[in-house]
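Below: the structure, in structure tokens.
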Amino acid sequence: MLSIFLGFVLAVAIGIPVGIFMGRYLVVDYLVDPWINIWYSIPAIAFVPLVMNWAGLTSISALIVSFLIAVFSIIINVYTGVKNVSASLVEPAIAFGISKRALYTKVILPASTPNIMVGLRLGITRAIEGVIVTEMVFSVVGLGGMIFDTADKLEMSLTIALVIVISLISIALNYLMKYLDHKVVFWKESSALKRE
13 MLSIFLGFVL
23 AVAIGIPVGI
33 FMGRYLVVDY
43 LVDPWINIWY
53 SIPAIAFVPL
63 VMNWAGLTSI
73 SALIVSFLIA
83 VFSIIINVYT
93 GVKNVSASLV
103 EPAIAFGISK
113 RALYTKVILP
123 ASTPNIMVGL
133 RLGITRAIEG
143 VIVTEMVFSV
153 VGLGGMIFDT
163 ADKLEMSLTI
173 ALVIVISLIS
183 IALNYLMKYL
193 DHKVVFWKES
203 SALKRE
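The opening position of the sequence shown corresponds to residue 13 in the working numbering, with each subsequent residue numbered one higher.
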């Protein structure tokens, strides 16, 4: 769980600023976007041997893989949100002499919040995936390693129980992010099309 949390926090700390700069500055977009697309298309399991060479068979490896596959979901969604902020919101603020810092904190970030929250929900799911895959491949201590170990011993009831535990953790974290989304983007519900 610690690897999931730390990997996710690191992904948020790096992913949000990178996404903002990509959305606001064309030069950054042109330079970074091709690399983001390449890395995002790589399956989680493909990162594992690379990380193993860098960090060895340690808990740091799970954290690194967790970060690597979570950060791109966050970057892409933040980038999309910032890029699509309406000029009708930004231009009047600039015309009235808003500072650059206030432009981001009062206009761009609030307008991008729905996309940012989507990125965070995807990011937490991907962070869990990264840790579990790494633990399974490395057969290290953790839920992923336990699944690999019980499956290898043909203890299917334990394997299924562990899969259910992982599913429940993932669902709980996803609902937590959904709750935060509802609290942070409270105005989205009132302006959204009513569902039947």
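Every residue, glycine too, gets a C-beta built ideally from N, C-alpha and C. The model shown is predicted, which means the values in this text are computed figures rather than measured ones.
Give me the Cα-Cα distance between Pro55 and Asn186, rounded to the nearest whole angstrom. Start at 1 with the first residue of the sequence shown, and residue 55 comes out as number 43. Start at 1 with the first residue of the sequence shown, and residue 186 comes out as number 174. Approximately 21 angstroms between the Cα atoms of the pair.
Residue interval of the alpha helix (DSSP H) (run including Met189): Mapped onto the sequence shown, residue 189 falls at position 177. Met189 -> alpha helix (DSSP H) spans 168 to 196.
Pairing CB atoms from the region 132 to 144 with CB atoms from the region 113 to 124, are three or more of them under 8 angstroms? no
Just tell me which of Ile88, Ala105, Ala107 has its CA closest to the CA of Pro126. As a working mapping, residue 126 is identified with position 114 in the sequence shown. The shortest Cα separation from Pro126 among Ile88, Ala105, Ala107 belongs to Ile88.
Is it right to say Asp193 is buried, meaning 16 or more other beta carbons lie within 10 angstroms of its own, or is it exposed? Working through the sequence shown from its first residue, we reach residue 193 at position 181. Buried is the call here.
Identify which residue in Ile81, Met13, Asn65, Ser98 has its Cα closest to the Cα of Phe227. Only positions 13 to 208 of the chain appear in the structure, and residue 227 is not among them; the question remains open.
Taking the alpha helix (DSSP H) that Lys118 belongs to, which residues open and close that run? The residue you call residue 118 lines up with position 106 of the sequence shown. It is not in any alpha helix (DSSP H) - Lys118 carries neither H nor E in the DSSP assignment.
What's the gap between the Cα of Met34 and the Cα of Val40? Here the question's residue 34 lines up with position 22 in the sequence shown. Here the question's residue 40 lines up with position 28 in the sequence shown. Their backbone Cα atoms lie some 5 angstroms apart in a straight line.
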